[in-house]
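Chains as they are written, first to last, in numbering that gives the first Met the number 0: chain U, 0 to 215; chain F, 0 to 215; chain G, 0 to 215; chain L, 0 to 215. Working notes, beginning with the structure itself.
Number of protein chains: 4
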Amino acid sequence: MTRDNASSGSRRPGRQVIVDAAVRCFYKQGYEGSSVRDIAEDAGVTPAALYHYYASKQDLLMDLITRFMASSIDRTEDALRRAGPDPVARLFGAAQSHVLWNASDVASSFIVNSEIRSLSPANREQHIAQRDRLQRLFDTCVEEGCDKGVFTTPWPHEASRAVVVMCTFVARWYRESGPLSPEEIAWRYGHMALSLVGASRGPQFEPPTYESVNGR
Amino acid sequence: MTRDNASSGSRRPGRQVIVDAAVRCFYKQGYEGSSVRDIAEDAGVTPAALYHYYASKQDLLMDLITRFMASSIDRTEDALRRAGPDPVARLFGAAQSHVLWNASDVASSFIVNSEIRSLSPANREQHIAQRDRLQRLFDTCVEEGCDKGVFTTPWPHEASRAVVVMCTFVARWYRESGPLSPEEIAWRYGHMALSLVGASRGPQFEPPTYESVNGR
Amino acid sequence: MTRDNASSGSRRPGRQVIVDAAVRCFYKQGYEGSSVRDIAEDAGVTPAALYHYYASKQDLLMDLITRFMASSIDRTEDALRRAGPDPVARLFGAAQSHVLWNASDVASSFIVNSEIRSLSPANREQHIAQRDRLQRLFDTCVEEGCDKGVFTTPWPHEASRAVVVMCTFVARWYRESGPLSPEEIAWRYGHMALSLVGASRGPQFEPPTYESVNGR
Amino acid sequence: MTRDNASSGSRRPGRQVIVDAAVRCFYKQGYEGSSVRDIAEDAGVTPAALYHYYASKQDLLMDLITRFMASSIDRTEDALRRAGPDPVARLFGAAQSHVLWNASDVASSFIVNSEIRSLSPANREQHIAQRDRLQRLFDTCVEEGCDKGVFTTPWPHEASRAVVVMCTFVARWYRESGPLSPEEIAWRYGHMALSLVGASRGPQFEPPTYESVNGR
DNA sequence: AATGAATGAGGGTTCATTCAT
DNA sequence: AATGAATGAACCCTCATTCAT
């Protein structure tokens, strides 16, 4: 599964070639460590061509981050919608979906979570707003579970944060070549999230098949 | 609590001034984003002076990372030693100590966890070895709990990883000005770690006082 | 009074739009400081469109300069013709006309007098020839006055040069919003020119009305 | 006579080498037309070395302009002081000195009078203040002559402006290889200035010798 | 121990211009 | 007549580093 940017406004092929190259470079060398020349070379174009699509290297980073975060939010909302009203199903679904998404584009996930510092103040602010929106989806989810007495954690806030962090950072170690499929990992993390909020002491959902997760 | 570098070979005062400046710069602007001039200026010396203490900017980064990781390991080992044989107490203690350590130097923690990419291949390899050593302390801890039937998680490996990640990344959001003391946060995370491995459904350790934690 | 380019070969409207934009840009930012993009944008066309009318940015500059200088010469010749044989009337008329012309298009005048350096060697040579032709009109005028004993300056050459310079550079400070009309200024400069060559010690021509000058 | 910068704070030799090179480049190719590499090459240093002395190319231009204008003002004030109270002697002296100064460094004079556009807004403002101060020295001089009835021009303001312009722009055509010495030219322009304000109809000061002018 | 001057390489970005459409 | 995409060269400037003093 690769990043879908059907929802973004930039379908021009030249543009996508550049973003993909940027993701590879930023992932390997970081934003500051990647020169525009590096990116252009990786994309197979001249440095100047890059400036047809993006006003600056910073713009390129911001576009990449914004789109990844927008998808993170969209997917989490979808997962919550699909899960129905049960807090257990909701948290499980959200965590599972979040792991899947981050595992699906390890490079982008890594960039989004380590290059915040490289954003200009204005862009950073905008990004943090998106990050907060995502966190709040999980916060609400956990709070509801606590209110209904289904989750027993005394610290919904910390637990919610820990859930997002641990799911997000699956991208730090997940490799396609590893022993577990993304679906299996996501399923386990779904249950670990429930553990964390004091909702269950063991697996209660069906193990994943290739069709059952995230609508696929 | 500030970084102790008693164990490092660099007790010369000039050296510490530079490391401190580097931490501030790398934290704010990242490694590639910080010029040697920036660091020197922050330290109140000339760029050339910096080369009396470090052979290169890369050396400075590596020194900083190595020492932070060495302390991470030392402290975790200390915590395990103090906890005695009980798996619950051991995991609680290790997690608690790890949170405290990362909250005690948010800037260094951040650098260590986001500038791995900026290390030269040789240095990176060395760093990953340290990171693995630390992870293994938690892995062993969780495995023992599972073996003894005290922890009920079916996925000790994933759980252990999640514990380290969630404790480490407390540095991402913790601010001294926040409502919770580091000790309170560490105490909660200790319990959340137990939750995650299926060891408890609520607080079972004494709440922290300012003297009870980490030997202080 | 605006630049008439009836005499130039470029009557196509698209062309004039571009020249006008170029004048604005070169005036504000200089030739080297104005990018083809700047000019195109100011003209409301694409950079590529510009190349339908001009082979290069240099061509655009040269066209602009050449036409302005051609008009400078034409107008001076006209003024001399209208003035008749009297050296006093001739110098007065030429100076007056030259001031009027330069005040009528301050921007072009400025460009013509400060971007000579930006011309290619071949173009520069051609421009200097035009400039010399213009200067010679005044030189002849002053010499005749001296020969006839009407002008008393011992240095006709320097005086003639000074007259042209001082009239030309009215464009440096003249603004439409100023207290004096171009006609009033031109009238005064006509007299100052006479002063300079030692022909008079005060106003001797009729003050300007809006119809009396330059045939308008 | 070359620019003396004894009065400036920059006596470091490296600095002067760079300024001299900049003057040559800006004179030949203009500010925008001269690359930092051009200047550095002309000075025999690396482009980077240039940034030890100047923060930017703009700074270099501004320094050059400011110092030239400061000298213009100083020298004019000196000339007025030396001339004593007689308006005729004062205007003659000021014009003569101004011609000499501009002829002494044709390149700098040219730059100062054609690169105002290339100054940043803040720098431009500062430069214009200097230019106004200089102009006011001549304005006052002419006004005094008119008040005392020694100068008969009805337009002191225009005349004063014309005097400065014609003296300044001697640098446009003066070449060391020409037939007239700077002193001879300055002497003639002194008289032409008097002509312009209606003070004399012919030479009244002693012709120049190599020791009599400007204190030399 | 520390500096000021210097450097070669490379940074992000803009340039005038071309060309298929 | 006009465009959008593309380019190679060059732009100003900053980089990490060196070295004589």
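Each residue gets a CB set at the ideal place from its N, CA and C atoms; glycine is no exception. None of the values given here were measured: they were computed from a predicted structure.
L99 of chain G (DSSP reduced to helix, strand or coil): Here residue 99 of chain G is taken as the residue at index 100 of the third sequence, counted from 1. Of the three classes helix, strand and coil, the one that applies to L99 of chain G here is helix, per DSSP.
Short CB-CB distance (under 7 Å) between F137 of chain G and chain L: As a working note, residue 137 of chain G is residue 138 in the third sequence. False, the Cβ-Cβ gap to chain L never drops below 7 Å.
Given L79 of chain F as reference, the closest of F:Y173, F:I127 and F:T139 once Cα atoms are compared: Against the second sequence, residue 79 of chain F aligns to sequence position 80. For the residues F:Y173, F:I127 and F:T139, the minimum Cα distance to L79 of chain F belongs to F:T139.
Per-residue burial, A128 of chain F [other beta carbons within 10 Å of its own, 16 or more giving buried]: The sequence position of residue 128 of chain F within the second sequence is 129, counting from 1. Exposed, by the Cβ-count rule.
Boundaries (first-last residue) of the alpha helix (DSSP H) holding L59 of chain L: Translated into positions along the fourth sequence, residue 59 of chain L becomes position 60. Residues K56 to A82.
Local Cβ density within 10 Å of H51 of chain U, reported as buried at 16 or more and exposed below that: Position 52 of the first sequence, counted from the start, is the residue given in the question as residue 51 of chain U. It is exposed - the Cβ of H51 of chain U has fewer than 16 other Cβ atoms within 10 Å.
C-alpha gap between S117 of chain G and Q28 of chain G, whole angstroms: The sequence position of residue 117 of chain G within the third sequence is 118, counting from 1. The sequence position of residue 28 of chain G within the third sequence is 29, counting from 1. The straight-line gap from Cα to Cα measures roughly 13 Å.
G32 of chain G at chain L interface by Cβ criterion, 7 Å: Position 33 of the third sequence, counting from 1, holds the residue named residue 32 of chain G. Yes, its Cβ sits closer than 7 Å to a Cβ of chain L.
Terminal residues of the alpha helix (DSSP H) in which I110 of chain L lies: Along the fourth sequence, one-based indexing puts residue 110 of chain L at 111. Counting along the chain, the alpha helix (DSSP H) containing I110 of chain L begins and ends at V105 to S113.
Where E31 of chain L sits in the DSSP three-state scheme: Sequence index remark: in the fourth sequence, residue 31 of chain L carries index 32 (1-based). Note: E31 of chain L maps to coil in three-state DSSP.
Where Y188 of chain G sits in the DSSP three-state scheme: Residue mapping note: residue 188 of chain G aligns to position 189 of the third sequence, counting from 1. Three-state result, Y188 of chain G: helix.
Contact list for L195 of chain U against chain F, beta-carbon separation under 7 Å: As a position in the first sequence, residue 195 of chain U is number 196, starting the count at 1. Under the 7 Å cutoff, chain F gives M191, S194 and L195.
CB contact below 7 Å: G144 of chain U versus chain F: Residue numbering aside, residue 144 of chain U sits at position 145 when the first sequence is read from its first letter. Not closer than 7 Å to any Cβ of chain F, the Cβ of G144 of chain U fails to qualify, so no.
CB-CB length for V111 of chain F against I64 of chain F, believed under 8 Å: Within the second sequence, the letter at position 112 stands for residue 111 of chain F. Within the second sequence, the letter at position 65 stands for residue 64 of chain F. Confirmed, Cβ separation roughly 5 Å.
Short-range partners of chain L found in the stretch 114-127 of chain G, where Cβ spacing is below 7 Å: R116 and S117
Straight-line gap, G189 of chain L to A47 of chain L (C-alpha atoms, nearest Å): Taking the first residue of the fourth sequence as 1, we reach residue 189 of chain L at position 190. Taking the first residue of the fourth sequence as 1, we reach residue 47 of chain L at position 48. If I take the Cα positions, the gap works out to 45 Å.
7 Å CB neighbourhood of S33 of chain G in its chain, flanking five on each side removed: Position 34 of the third sequence holds residue 33 of chain G. Excluding sequence neighbours, S33 of chain G sits near C24 and F25.
Three CB pairs or more closer than 8 Å across the stretch 190-207 of chain L and the stretch 89-107 of chain L: yes
N-terminal and C-terminal residue of the alpha helix (DSSP H) that Y173 of chain L is part of: Start at 1 with the first residue of the fourth sequence, and residue 173 of chain L comes out as number 174. It is not in any alpha helix (DSSP H) - Y173 of chain L carries neither H nor E in the DSSP assignment.
Simplified DSSP assignment, three categories, for E205 of chain G: Here residue 205 of chain G refers to the residue found at position 206 of the third sequence. Note: E205 of chain G maps to coil in three-state DSSP.
Proximal chain F residues relative to M165 of chain U, where beta-carbon distance stays under 7 Å: Counting from one through the first sequence, the residue named residue 165 of chain U turns up at place 166. Under the 7 Å cutoff, chain F gives A161, V164 and M165.
A21 of chain F versus V105 of chain L - alpha carbon distance: Start at 1 with the first residue of the second sequence, and residue 21 of chain F comes out as number 22. Start at 1 with the first residue of the fourth sequence, and residue 105 of chain L comes out as number 106. Distance between the alpha carbons of A21 of chain F and V105 of chain L is about 50 Å.
CB contact check: R187 of chain U to chain F, cutoff 7 Å: Along the first sequence, one-based indexing puts residue 187 of chain U at 188. Closer than 7 Å to some Cβ of chain F, the Cβ of R187 of chain U qualifies, so yes.
C-beta neighbour in chain G for W100 of chain L, strict 7 Å: The sequence position of residue 100 of chain L within the fourth sequence is 101, counting from 1. Answer no: the Cβ-Cβ gap between W100 of chain L and chain G never drops below 7 Å.
Contacts of G201 of chain G in chain L (Cβ-Cβ under 8 Å): Locating residue 201 of chain G in the third sequence gives position 202, counting from the first residue. Neighbours of G201 of chain G on chain L, chain order: T151, P153 and G197.
Coarse secondary structure for T139 of chain F, derived from DSSP in three states: Residue mapping note: residue 139 of chain F aligns to position 140 of the second sequence, counting from 1. Note: T139 of chain F maps to helix in three-state DSSP.
Proximal residues to C166 of chain F (C-beta, below 6 Å), its chain only, five neighbours per side dropped: Here the question's residue 166 of chain F lines up with position 167 in the second sequence. Once the five neighbours on either side are set aside, the close Cβ partners of C166 of chain F are A94, H97, V98 and Y188.
Minimum Cβ-Cβ distance from E183 of chain U to chain F less than 7 Å: By one-based count along the first sequence, residue 183 of chain U stands at place 184. Not one chain F Cβ lies under 7 Å of E183 of chain U.
Member of L:S71, L:A88 and L:E114 whose CA lies at the smallest distance from the CA of K56 of chain L: Indexing the fourth sequence from 1 puts residue 56 of chain L at position 57. With distances taken between Cα atoms, K56 of chain L lies closest to L:E114.
Under 8 Å by beta carbon: chain U residues contacting F168 of chain F: Along the second sequence, one-based indexing puts residue 168 of chain F at 169. Residues of chain U passing the Cβ test: V164 and F168.
Where S9 of chain L falls: helix, strand or coil (DSSP): For the purposes of this step, residue 9 of chain L is taken as the residue at position 10 of the fourth sequence. Unreliable positioning characterises S9 of chain L in this predicted model, as indicated by a pLDDT of 44, which lies under 50. The coordinate reading is nonetheless provided below. It is coil, neither helix nor strand.
Reference S119 of chain U; option with closest CA among U:D19, U:C145 and U:D58: Residue mapping note: residue 119 of chain U aligns to position 120 of the first sequence, counting from 1. Nearest option by C-alpha distance: U:D58.
Distance CB(E142 of chain F)-CB(P86 of chain F) smaller than 7 Å: The residue you call residue 142 of chain F lines up with position 143 of the second sequence. The residue you call residue 86 of chain F lines up with position 87 of the second sequence. The answer is no: Cβ separation not under 7 Å.
Reduced DSSP category for F150 of chain U - H, G, I as helix; E, B as strand; rest coil: Numbered from its first residue, the first sequence carries residue 150 of chain U at position 151. Here F150 of chain U sits in coil by DSSP.
Within chain U, the residues that A158 of chain F reaches when beta carbons sit closer than 7 Å: As a position in the second sequence, residue 158 of chain F is number 159, starting the count at 1. The contacting residues are M191.
Short CB-CB distance (under 7 Å) between G29 of chain U and chain F: Translated into the one-based positions of the first sequence, residue 29 of chain U becomes position 30. G29 of chain U counts as touching chain F.
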